[in-house]
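K.L.:
Would you mind keeping the following structure in view while I ask a few things?
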Amino acid sequence: MPELPEVETVRRDIAPQVTGRRIARAEVGPGPRYGSLADAAGRTIRQVDRRGKYLLFDLDDRELIINLGMSGRLFMAGSPPEDGHLRAVIQLDGPGAGYLVFVDMRKFGTLAIVRPGEYHAIPTLAAMGPEPLSDQFAFEPFCDAVAGGGTPIKALLLSQKAVAGLGNIYVDEALNRAGIHPAARGVSRKRALVLHQAIRDVLEEAIANRGTTFSLYRDGYMREGNHYADLRVYDRAGKPCPACRTPIEKTRVAQRGTYFCPNCQPISRLTAAGRS
DNA sequence: CTGAGCCCCTGGGCGC
DNA sequence: TGCGCCCAGGGGCTCA
1 MPELPEVETV RRDIAPQVTG RRIARAEVGP GPRYGSLADA AGRTIRQVDR RGKYLLFDLD
61 DRELIINLGM SGRLFMAGSP PEDGHLRAVI QLDGPGAGYL VFVDMRKFGT LAIVRPGEYH
121 AIPTLAAMGP EPLSDQFAFE PFCDAVAGGG TPIKALLLSQ KAVAGLGNIY VDEALNRAGI
181 HPAARGVSRK RALVLHQAIR DVLEEAIANR GTTFSLYRDG YMREGNHYAD LRVYDRAGKP
241 CPACRTPIEK TRVAQRGTYF CPNCQPISRL TAAGRS
């Protein structure tokens with residue numbers, strides 16, 4: 001479900017409601033991906049940050065990490081909702097403070113409490129690349145990372161190592177804007193420059209639209225995102241490319257459904273598999 | 001260390 | 001209507 005724009009939207013929705021609040025009680029349902037929240041009770045939420053698709057709650061000498069997975073929803077409620085997929089409830093102290101609620105149908109989400117900055121138990125977070133909307137996202141290292149090798153550019157971008165926060169939707173959207181075929185192995189310096197900018201454009205526009213809902217995603221108020229109508233290729237197989245009217249094609253790259261415009265994103269000699 | 005493949009889990013949609 | 005198959009914004013583990 002959620003990629004950087006959706007997670008950032010949730011963060012902005014809930015942060016004002018939980019920051020400075022003390023956690024009265026925290027309960028988590030069973031599941032191998034849900035660590036104990038026993039260490040959360042009694043601590044105060046100082047700040048809510050985000051790294052890639054992970055939400056980081058600063059609890060002073062502990063850090064609560066939440067990854068929404070494919071179907072996770074995190075929102076405030078006056079009381080814990082009747083929902084068969086309710087996985088965790090964090091009760092906040094204070095009059096009318098309410099509950100921070102985690103609902104996760106597919107159980108792919110992750111909950112963990114660690115010492116601040118100790119991410120070794122969460123490998124993707126530990127190896128997370130630069131935040132695309134910050135000054136950390138420098139061009140030269142990115143250019144090197146996407147320059148070549150045996151990996152399709154899409155798989156490389158999904159790995160979170162070259163840049164944080166991209167998932168299946170926004171990888172396809174960014175590659176479309178940059179005119180790069182998702183299966184291309186290696187991106188020229190010139191294309192890398194366009195891609196570097198396209199990633200930031202796509203993510204900023206999606207955040208402005210409060211994220212994309214095509215099925216399960218809901219924001220911190222359980223509302224749908226508004227970005228679906230602005231997608232250029234994702235989930236648009238057979239529909240005309242907004243730029244050239246060529247029908248969008250669907251294929252499979254890195255075991256994920258992949259959408260692209262065969263005219264705007266050709267497999268060229270320079271980008272094709274097998275080129276040295 | 002890397003990449004490919006498969007796994008985790010639940011539910012919706014579609015074809016037969 | 002019912003069943004089976006495939007698909008789905010996530011990450012992680014194992015094996016070559």
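Numbering-wise, UniProt numbering puts 124 at position 124 of the first sequence, and it's gapless, one number per residue.
The beta carbon of each residue, even a glycine, is placed where N, CA and C say it ideally should be.
Since the structure is predicted, the reported quantities are computational estimates derived from the model, not experimental observations.
(1) Assign D230 to one of three DSSP states: helix, strand, or coil.
(2) Within 10 Å of its beta-carbon, does P182 have 16 or more other beta-carbons around it, so buried, or fewer, so exposed?
(3) In angstroms with no decimal places, state the Cα-to-Cα distance between P262 and R236.
(4) Assuming contact is defined by CB atoms lying nearer than 8 Å, are P80 and L74 in contact in what I supplied?
(5) For M76, write down the residues that DSSP places opposite it in a beta bridge.
(6) Buried or exposed for A273, going by 16 or more other Cβ atoms inside 10 Å?
(7) Grab the span of the alpha helix (DSSP H) containing T9 for me, first residue to last.
(8) Cα separation between Q265 and D172?
(9) What are the residues that DSSP puts in a beta bridge with T258?
(10) Near L166, which residues of its chain fall below 6 Å by C-beta distance, leaving aside the five closest residues on each side in sequence?
(11) Can you say whether R252 is buried or exposed, counting buried as having 16 or more other CB atoms within 10 angstroms of its CB?
(12) Which residue marks the beginning of the alpha helix (DSSP H) containing F142, and which one marks its end?
(13) Would you list the one or two residues that DSSP bridges to Y54?
(14) Please state if the CB of P5 and the CB of A178 are separated by a distance shorter than 8 Å.
(15) If you measure between the beta carbons of I267 and A147, is that distance less than 8 Å?
(16) Kindly indicate which three-state DSSP category R185 falls into: helix, strand or coil?
P.N.:
Reading off the structure:
(1) For the purposes of this step, residue 230 is identified with residue 230 of the first sequence, where counting begins at 1. The DSSP-derived three-state label of D230 is helix.
(2) Within the first sequence, residue 182 is the residue found at index 182, counting from 1. That one is buried.
(3) Along the first sequence, read from residue 1 onward, the residue named residue 262 stands at position 262. Along the first sequence, read from residue 1 onward, the residue named residue 236 stands at position 236. The straight-line gap separating the alpha-carbon atoms of P262 and R236 is approximately 13 Å.
(4) Taking the first residue of the first sequence as 1, we reach residue 80 at position 80. Taking the first residue of the first sequence as 1, we reach residue 74 at position 74. Going by C-beta atoms, P80 is not nearer than 8 Å to L74.
(5) The residue labelled residue 76 in the question sits at position 76 within the first sequence. Answer is L100.
(6) Walking along the first sequence from the start, residue 273 turns up at place 273. Bear in mind that the predicted position of A273 carries a pLDDT of just 44, short of 50, making it unreliable; the figure below should be weighed with that in mind. A273 comes out exposed.
(7) Translated into the one-based positions of the first sequence, residue 9 becomes position 9. Per DSSP, T9 belongs to the alpha helix (DSSP H) from 4 to 18.
(8) Position 265 of the first sequence, counting from 1, holds the residue named residue 265. Position 172 of the first sequence, counting from 1, holds the residue named residue 172. Roughly 11 Å separates the two Cα atoms.
(9) As a working mapping, residue 258 is identified with position 258 in the first sequence. Paired residues: T251.
(10) For the purposes of this step, residue 166 is taken as residue 166 along the first sequence, with counting starting at 1. Correct list, in chain order: L157.
(11) For the purposes of this step, residue 252 is identified with residue 252 of the first sequence, where counting begins at 1. Exposed is the call here.
(12) Start at 1 with the first residue of the first sequence, and residue 142 comes out as number 142. Note, F142: alpha helix (DSSP H), 139 to 145.
(13) Stepping through the first sequence from its first residue, residue 54 is reached at position 54. DSSP lists R51, N67 as the bridge partner or partners of Y54.
(14) One-based indexing of the first sequence puts residue 178 at position 178. One-based indexing of the first sequence puts residue 5 at position 5. No, they are not a contact pair.
(15) For the purposes of this step, residue 267 is taken as the residue at position 267 of the first sequence. For the purposes of this step, residue 147 is taken as the residue at position 147 of the first sequence. Cβ atoms of I267 and A147: not closer than 8 Å.
(16) Taking the first residue of the first sequence as position 1, residue 185 is located at position 185. Three-state DSSP puts R185 in coil, outside helix and strand.
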